Structure formats: structure tokens, C-alpha cells
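Taking UniProt numbering, the leading residue of the sequence shown gets 11, the next gets one more, and so forth. Idealized CB from N, CA, C, for every residue including glycine. Note that the coordinates shown come from a computational prediction; the quantities given were computed from them, not determined experimentally. See structure below.
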Amino acid sequence: AVGPVPFKDICGAMPLPSAATPRPSDLRQWVRCYQGTWVPEYHVPGIVAIRESFAPRRGDVVLVSPPKCGTTWLKALAFATMARGAHPPAGAGHPLRRLNPHDCVPFMEMLFAAGCGGKMDTLPSPRLMATHMQHSVLPASITHNPDCKIICMCRDPKDMLVSMFHFASKLAPNISFSDVFEAACEGTNISGPIWDHLLGYWNASKANPEAVLFLRYEEMLRDPVEGVRKLARFVGQPFSPAEEEAGAATDVARLCSFDTLRSLEINRPAAAARYGNDWYFRKGEARDWANHMTPDMARRLDGIIQEKLRGSGLSF
Ligand code: A3P
Numbered sequence: 011a012v013g014p015v016p017f018k019d020i021c022g023a024m025p026l027p028s029a030a031t032p033r034p035s036d037l038r039q040w041v042r043c044y045q046g047t048w049v050p051e052y053h054v055p056g057i058v059a060i061r062e063s064f065a066p067r068r069g070d071v072v073l074v075s076p077p078k079c080g081t082t083w084l085k086a087l088a089f090a091t092m093a094r095g096a097h098p099p100a101g102a103g104h105p106l107r108r109l110n111p112h113d114c115v116p117f118m119e120m121l122f123a124a125g126c127g128g129k130m131d132t133l134p135s136p137r138l139m140a141t142h143m144q145h146s147v148l149p150a151s152i153t154h155n156p157d158c159k160i161i162c163m164c165r166d167p168k169d170m171l172v173s174m175f176h177f178a179s180k181l182a183p184n185i186s187f188s189d190v191f192e193a194a195c196e197g198t199n200i201s202g203p204i205w206d207h208l209l210g211y212w213n214a215s216k217a218n219p220e221a222v223l224f225l226r227y228e229e230m231l232r233d234p235v236e237g238v239r240k241l242a243r244f245v246g247q248p249f250s251p252a253e254e255e256a257g258a259a260t261d262v263a264r265l266c267s268f269d270t271l272r273s274l275e276i277n278r279p280a281a282a283a284r285y286g287n288d289w290y291f292r293k294g295e296a297r298d299w300a301n302h303m304t305p306d307m308a309r310r311l312d313g314i315i316q317e318k319l320r321g322s323g324l325s326f
């Protein structure tokens, strides 16, 4: 087979956090500082294992995002774009119509934390994989490897926090939005500090645009078809004139749209799911923060982010 192929088809279900994994009733106790970045404690063994043993291969594409910035969407878009030779995006039998995007593209921290990192070796090239790790924590075997590419998706931090709050509430109903918000302002939110996460990949994309593509959730929402074209060019699979004529880029964007993915049976709420596929599809919009934050909160977080990003050329 030629990749990417859905992870689940070759390797079986992605490991989930064990039932014994503490729930984030107190976010501050749930995360731990790893080399200046804040990560869920149960990811740490995975991060260590990735740094020690991940063996990159020519053609690997690593998808990166802070949590709740559109990881699920990016997985779907990259998979559908790169696998379009084997799986026409308009086809009724497309893997994304029967599998959640997280079953198609493995989450590295979870896989390696579960001791299953070796499963990556069984995937045909080119492989797709995803991580929430900050750039400073990624192994040099990825960041200094001309054979690996990185695609980063970022999002207005205010919307990221709102999305995080709703997601975390599923695991721990007592969480308050102000806990999530204060942690972010302090830099101790999951995968934080946010500004370091953003700057790491932003600067890497400026220094080496062939190796690192920096996408913005809001821009992708505005023009998903153009986003798909950009992604395709970046991975070395631009749409041919014949494909454009046939509407292939539009088909990818349509297949991966919020409405399409959310309405698929596989992504509908399922009884007794410990992590429901439907949790990854909430609103799929920009500026929902205005429904959760006071103008003062928004100004405060914007001020912090602006200050930290000053001079970088990146702003929100
Ligand atoms: P909201 O909670 O604001 O709706 P992640 O995949 O990193 O966990 O991010 C989840 C966020 O991306 C959620 O945001 C979710 O609704 C949104 N999302 C998921 N799939 C999407 C898609 N196909 N298009 C746009 N947004 C999507």
C-alpha cells in the first residue's frame, strides 16, 4: 500500500487514556511542566519515548496544533488531500466516512505513552502523525530533518480556551471557565504557554517555509478550498489542472467540512463512550469567545498575547 493509510485499518484502535487516568478536576494538578511546556502528566512518558525512539522516515508529515485549535479538521484535511489518489474525496467509500479523523492519523503522545510507538513502523509512507508538542520539545530528528514536514494549525487563543472549556467539562463537569482562562493567562494551560507554542512554529515557518507550514483556523474557515490547495502544494502534491477542473480541491474541503464530518454516523454521540467522537465537533466557528468572556477578560488575554508576540509579525 502507499500511504497515508488510516492508522486504524493497519494498527487497530488508537489507545485511550486508561480508566485510571485522573480526570482534570483541578487543571493545575493535571498538568506538569516538561522543559518549560505544560502537558498532561500522562503524556510525559510518551513525549520522552518520542524524543528517545521516534524514527522519522522520508515523506513523514507531522501535524501540530495546540489542543482545540482544529486538530481534528487538520487531520481530516491532510489525510484527504494526501490520500486522494487512492481515495477520491467525493467517493462514498472514503475512509473519513467510516472513521473519525483521529482514527486515521495517530496522536503521537498517546501512542508512545501506551508503549505502541512501534506501530508507526508498520504504516506505509508517506506517513501522517499528529502531536500537541511545542516546537522546542520536538526531537531534532523531526525539526532538523529535510525529509520531514510540519504543518501547524493555530487559532485565536480566546476561541481555543472556550473550546477547551467545553471539552474539559465533558471529563470534569465542575471545571469553571475562569480556571481555564486564568491558567492560560499564566501560561500553564495544557500545551502552554500559548505564546511559546505559537512563536515556536511561527518562527520555524518563517525560517524554513519549505519545512513548516503555518495555517490559521480562521483563514481556513474563510477559504477552505484555498487552504486545501496550499496544503497540497506544501506536501508536494499540488492539484493538477485536470483535478482542478474536476473540482478535487473543493471535494476535499467539502468532505472535511464541519457539517459533513459532524453529521456522519461515526461522529455522532454514542452511548457510554469514554471519549466521544462527537466531542470534537462542537460549533466550528470563529469568535464564540464573545459568548463566554467579558470584554475585560478578552482585553486582558489579548494584551498578554500581543505583548508576547510583539515584533514576531504574528498577531490575533
Ligand atoms: P469549537 O469547540 O470552538 O466548536 P481540536 O480538533 O483541536 O480538538 O479542536 C476542536 C475544535 O475544532 C472545536 O471547536 C471543533 O468544533 C472544531 N472543528 C472540528 N472539526 C472541524 C471542522 N471540520 N471544521 C471546522 N472546525 C472544526
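- The three-state reading of DSSP puts Ile315 in helix, counting H, G and I together.
- At the C-beta level, Trp289 and Val172 stay beyond 8 angstroms of one another.
- Straight through space, the alpha carbons of Asn301 and Lys129 are spaced by roughly 42 angstroms.
- For Phe64 and Asp131, the gap between their C-alpha atoms comes out near 9 angstroms.
- With a 10 Å radius around the Cβ and a threshold of 16 neighbouring Cβ atoms, Leu26 comes out exposed.
- Its chain contains Arg68 as the residues whose beta carbon lies nearer than 6 angstroms to that of Asp157, once the 5 sequence neighbours on both sides are disregarded; these appear in chain order.
- Per DSSP, the beta-bridge partners of Tyr44 are Thr47.
- Per DSSP, Ile185 lies in no alpha helix (DSSP H) segment and is marked neither H nor E.
- Within the stretch 194-248, the beta strand (DSSP E) runs of at least 3 residues that lie entirely inside it are, in chain order, 222-226.
- Cβ-Cβ distances below 8 angstroms link Lys85 to Leu73, Pro111, His112, Cys114, Val115, Leu138 and Ala140 in the same chain, with the five nearest sequence neighbours on each side left out; the list follows chain order.
- Counting every other CB atom within 10 Å of its CB across the protein chains shown gives Cys266 a total of 16 or more, marking it as buried.
- Here Leu121 carries a helix assignment [DSSP, helix/strand/coil].
- In this chain, Lys159 is not harboured by any alpha helix (DSSP H); it is covered by the beta strand (DSSP E) spanning Lys159 to Cys164.
- C-alpha of Leu225 to C-alpha of Asp206: approximately 16 angstroms in a straight line.
- Contact between Met170 and Cys79 is confirmed by a C-beta separation of about 5 angstroms, below the 8 angstroms threshold.
- Contact check between the stretch 42-58 and the stretch 174-189: fewer than three CB pairs, one atom from each, fall below 8 angstroms, which does not count as touching.
- Judged by DSSP in its simplified three-state form, Thr304 adopts coil rather than helix or strand.
- Your pair Val238 and Leu87 checks out as a contact, with CB atoms roughly 6 angstroms apart and the cut at 8 angstroms.
- Under the DSSP assignment, Met92 falls in the alpha helix (DSSP H) whose first and last residues are Thr81 to Met92.
- For Val58, the enclosing alpha helix (DSSP H) starts and ends at Val54 to Ser63.
- In summary, Asp269 is exposed, with fewer than 16 beta-carbon neighbours lying within 10 Å of its beta-carbon over all protein chains present.
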